[in-house]
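>
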Amino acid sequence: MTTVTDQRPLRTAIFPGSFDPLTNGHVDIIRRALRLFDQVVVGILVNVSKEPTFTIDERVAIVREVFQGEARVEVETFEGLLVDYARRRKATAIVRGLRAASDFEYELQMAHMNRNLSPTVETVLLMTDASNTFISSRLVKEVFSLGGEVGAFVPEAVERRLHEAREATRGGPRVVR
Ligand code: PNS
118 MTTVTDQRPL RTAIFPGSFD PLTNGHVDII RRALRLFDQV VVGILVNVSK
168 EPTFTIDERV AIVREVFQGE ARVEVETFEG LLVDYARRRK ATAIVRGLRA
218 ASDFEYELQM AHMNRNLSPT VETVLLMTDA SNTFISSRLV KEVFSLGGEV
268 GAFVPEAVER RLHEAREATR GGPRVVR
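In this note's numbering, the protein residues as written are 118 to 294.
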């Protein structure tokens with residue numbers, strides 16, 4: 118058996134996305150990435166053009182709460198090109214999740230563009246658990262807004278905040294009702 122004297126640099130992966138909100142599918146991908154990398158940085162895109170359900174600070178707080186006690190998961194926001202952010206973080210890989218073949222074309226296109234922009238950063242596509250294949254942030258918000266239960270699809274920290282947002286805006290027009 119070979120013994121490794123571990124002097125190699127940390128292997129860091131960026132897991133970028135909107136995370137509005139974080140779902141069980143995202144959590145699953147982060148846990149899978151932790152098996153392959155020393156550190157996983159969840160990079161939440163600051164996207165001024167979208168109307169988010171959760172503010173960027175809330176989305177950061179959710180990831181922190183879900184992964185509290187897991188020192189190898191970091192969360193922060195980023196603006197601009199993902200490859201520039203990956204370079205700044207000295208990440209060797211960009212991790213993205215695949216639920217179904219329908220995700221693949223979009224992910225392949227992004228991976229090739231990112232490779233073109235920065236040939237040294239690899240994109241690693243990880244398959245989510247089969248039980249998560251139908252979960253998306255968009256559908257979670259839609260189901261919740263129409264009175265459905267979403268506890269099976271998102272971490273407790275997200276479900277709680279969805280209910281809090283609904284309570285806080287009772288009587289007024291809201292994104293999360
Ligand atoms: O969760 P999402 O919304 O599918 O994530 C998309 C994301 C954030 C990965 C993508 O929009 C992105 O990387 N944006 C940063 C800007 C950029 O680098 N664009 C070129 C990527 S090909």
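Yeah, the Cβ is synthetic: ideal placement off N, Cα and C, and Gly gets one too.
For residue 142, which three-state DSSP category applies?
Helix at residue 142.
> To the nearest angstrom, how far is it from the Cα of residue 256 to the Cα of residue 264?
If you take the alpha carbons of residue 256 and residue 264, they lie about 12 Å apart.
> Assess contact between the segment 222-239 and the segment 143-154, defined as three or more Cβ pairs (one per stretch) separated by less than 8 Å. Is contact present?
At 8 Å Cβ cutoff, the stretches do not touch.
> Look up residue 129 in the DSSP assignment and give the residues it is bridged to.
Note: residue 129 sits in a beta bridge opposite 156.
> Keeping to the same chain, check which residues put their C-beta closer than 6 Å to that of residue 125; ignore five residues upstream and five downstream.
Hits under 6 Å: none found.
> Should residue 307 be counted as a contact of the ligand PNS given a C-beta to heavy atom distance under 7 Å?
The requested residue 307 is not part of the displayed model; the chain covers only 118 to 294.
> Output the distance between the C-alpha atoms of residue 128 and residue 243, rounded to the nearest integer angstrom.
Their backbone Cα atoms lie some 17 Å apart in a straight line.
> Under the criterion of a Cβ to heavy atom distance below 7 Å, does residue 253 qualify as lining the ligand PNS?
Checking every heavy atom of the ligand PNS against the Cβ of residue 253, none is found closer than 7 Å.
> With distances taken from CA atoms, which of 171, 221 and 219 is nearest residue 282?
Among 171, 221 and 219, the Cα nearest to that of residue 282 belongs to 171.
> Would residue 195 and residue 160 be called neighbours here (beta carbons separated by less than 8 Å)?
Taking 8 Å as the Cβ cut-off, residue 195 and residue 160 qualify as a contacting pair.
> For my contact list, residue 249 and residue 142 are in at a C-beta cut-off of 8 Å; report their separation, rounded to the angstrom.
About 4 Å; that satisfies the 8 Å criterion.
> At the level of alpha carbons, what is the spacing between residue 253 and residue 259?
When rounded, the distance between both Cα atoms is 10 Å.
> Is the Cβ-Cβ distance between residue 218 and residue 238 less than 8 Å?
Cβ distance not < 8 Å, so residue 218 and residue 238 don't count as in contact.
> At 4 residues or longer, and completely inside the segment 152-220: list those alpha helix (DSSP H) runs for me, N to C.
DSSP runs (the alpha helix (DSSP H)) wholly in the segment 152-220: 173-183 and 199-205.
> Mapping the DSSP letters down to three states, classify residue 239 as helix, strand or coil.
The answer is strand: DSSP assigns residue 239 an E or B state.
> According to DSSP, residue 244 sits in a beta bridge with which residue or residues?
215, per the DSSP bridge assignment.
> May I ask whether a heavy atom of the ligand PNS can be found less than 7 Å away from the beta carbon of residue 214?
Incorrect: residue 214 has no Cβ contact closer than 7 Å to the ligand PNS.
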